[in-house]
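Let me begin by presenting the structure, written as structure tokens, before commenting on it.
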Amino acid sequence: MAEPILLTTARVSTYDGDKLMTGASGFFFERGDKLFFVTSRHVVIDTPTKHFPNRIDIELHTDAVNLTLSTQLTLWLYKDGKSVWRQGSDPGGEIDVAAIEIDRALLPPSVAIRCFTTDHLQSTLDEVEVGSALLVVGYPLGFHDVIYHLPVVRHAVIASSFGIRFQGQGFFLTDARTHRGTSGAPIVMRAPGTDPELPWKLLGVHSARMDMGTRDLVLDESLGLNCAWYADILLTLTADVPPLLTESSKSPDL
Numbered sequence: 070m071a072e073p074i075l076l077t078t079a080r081v082s083t084y085d086g087d088k089l090m091t092g093a094s095g096f097f098f099e100r101g102d103k104l105f106f107v108t109s110r111h112v113v114i115d116t117p118t119k120h121f122p123n124r125i126d127i128e129l130h131t132d133a134v135n136l137t138l139s140t141q142l143t144l145w146l147y148k149d150g151k152s153v154w155r156q157g158s159d160p161g162g163e164i165d166v167a168a169i170e171i172d173r174a175l176l177p178p179s180v181a182i183r184c185f186t187t188d189h190l191q192s193t194l195d196e197v198e199v200g201s202a203l204l205v206v207g208y209p210l211g212f213h214d215v216i217y218h219l220p221v222v223r224h225a226v227i228a229s230s231f232g233i234r235f236q237g238q239g240f241f242l243t244d245a246r247t248h249r250g251t252s253g254a255p256i257v258m259r260a261p262g263t264d265p266e267l268p269w270k271l272l273g274v275h276s277a278r279m280d281m282g283t284r285d286l287v288l289d290e291s292l293g294l295n296c297a298w299y300a301d302i303l304l305t306l307t308a309d310v311p312p313l314l315t316e317s318s319k320s321p322d323l
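Last residue of the sequence shown: 323 in the numbering used here, with the numbers rising by one and none dropped.
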């Protein structure tokens, strides 16, 4: 049996019709009787790069003991010309997080997943210090255990003051080695004495690496810093009345 934290996260493949486009990461979030799949917003739409998939496939374990058994679940991104994902914005601009509600009837009866809940969100900001140790759970460059279909984890630390919006936007920085394919990965901190089944705090959603445009590509190494959107945005995105769709969430075919 794998550690429960590894069953919170699923590998994402984006498609335009039958054309495979990109790979990413995402995780399950449960609120009341509703189940959501959370990933980066730019995984489901990214206008600057002309990334307009119409569906994502996520890989699910179908046996909690025999982890070699898995299946693909297709989530269509548009219905009647409108996006089905939930996204939000704040005074700093759009937030790079998307939540897609999953109809539980689509899940295999024996599905083996673990879900974060609102209890896993960090409510007291002063309990999290800069330099705190974190894990990023995901699929860097799509890399994973291809036999047991499990993600890998990377060590990270909080690299900016937690609770302060870095440069006025709704994210903090992490210091971690990340790659393409990690977008949408949960960023967690160990929390002993909390949920015995899943003793972790969900602090953020990995978005992208941050670098200096003026960096000398020969003389200077990459900063190794990353943007992590605060996970409390999920309180808004998973509320009974979702945020209004923005212009960017309309079907590109309209």
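Ideal placement from N, C-alpha and C gives every residue a C-beta, glycine not left out.
Note to self: Could you check if cysteine 184 belongs to the surroundings of the ligand NAD, using beta carbon to heavy atom distance under 6 Å?
What the structure shows: No copy of the ligand NAD appears in this structure; indeed no ligand is present at all.
Note to self: Which runs of the beta strand (DSSP E) at least 3 residues long sit entirely within the region 123 to 155? Give them in chain order.
What the structure shows: 124 to 130 and 139 to 145
Item checked: Distance between leucine 267 and valine 222 (C-alpha atoms, nearest Å) -> Numbered from its first residue, the sequence shown carries residue 222 at position 153. Numbered from its first residue, the sequence shown carries residue 267 at position 198. Our two residues, valine 222 and leucine 267, have alpha carbons roughly 16 Å apart in a direct line.
Notebook entry, point to check: How about the region 247 to 254 and the region 198 to 218: do they share at least three Cβ pairs that are nearer than 8 Å?
Noted result: With the cut-off at 8 Å, the region 247 to 254 and the region 198 to 218 touch.
Notebook entry, point to check: Given 8 Å as the limit, is there contact between the region 181 to 190 and the region 158 to 172, that is, 3 or more CB pairs closer than that?
Noted result: no
Check: Considering only residues of the region 192 to 224, which uninterrupted beta strand (DSSP E) runs meet the minimum length of 3 residues and lie entirely inside it, listed in chain order?
Finding: 202 to 207
Note to self: Assuming the contact rule is C-beta atoms closer than 8 Å, serine 94 and alanine 254 should be a hit. Round their C-beta distance to whole Å, please.
What the structure shows: Looking up residue 94 in the sequence shown gives position 25. Looking up residue 254 in the sequence shown gives position 185. That pair is a contact at about 4 Å.
Margin query: Measuring alpha carbon to alpha carbon, tell me which residue in His218, Cys296, His275 and Ala225 is nearest valine 107.
Written below: Along the sequence shown, one-based indexing puts residue 107 at 38. Taking only the C-alpha atoms, the option nearest valine 107 is His275.
Checklist line | Of the listed residues Thr187, Pro73, Gly237 and Asp195, nearest to aspartate 102 (C-alpha basis) | finding: Here the question's residue 102 lines up with position 33 in the sequence shown. Checking every option, the nearest Cα to that of aspartate 102 belongs to Thr187.
Notebook entry, point to check: Do leucine 326 and alanine 225 have their CB atoms nearer than 7 Å?
Noted result: Within the shown structure, residues of the chain are numbered from 70 to 323, placing residue 326 beyond reach of any answer.
Checklist line | For leucine 313, the three-state DSSP class (helix, strand or coil) | finding: Here the question's residue 313 lines up with position 244 in the sequence shown. With a pLDDT of 46 at leucine 313, under the threshold of 50, the modelled position of that residue is not reliable, and no figure is offered here.
Margin query: My output table needs one value for lysine 319: the three-state DSSP class, helix, strand or coil.
Written below: For the purposes of this step, residue 319 is taken as residue 250 along the sequence shown, with counting starting at 1. Any reading at lysine 319 must be qualified, since the residue scores a pLDDT of 43, below 50, and its modelled position is unreliable; no value is offered.
Next item on the list: Give the straight-line distance between the Cα atoms of arginine 80 and arginine 234, rounded to the nearest whole angstrom.
Entry: Reading the sequence shown from its first residue, position 11 is the one you call residue 80. Reading the sequence shown from its first residue, position 165 is the one you call residue 234. Their backbone Cα atoms lie some 29 Å apart in a straight line.
Next item on the list: Using the Cα positions of leucine 146 and tyrosine 84, report the straight-line distance between them to the nearest angstrom.
Entry: Against the sequence shown, residue 146 aligns to sequence position 77. Against the sequence shown, residue 84 aligns to sequence position 15. Approximately 10 Å, taken between the alpha carbons.
Note to self: Using 8 Å for Cβ pairs, my map puts isoleucine 125 next to tryptophan 269. What's the rounded Cβ distance?
What the structure shows: Along the sequence shown, one-based indexing puts residue 125 at 56. Along the sequence shown, one-based indexing puts residue 269 at 200. With a Cβ gap of about 24 Å, isoleucine 125 and tryptophan 269 do not count as contacting.
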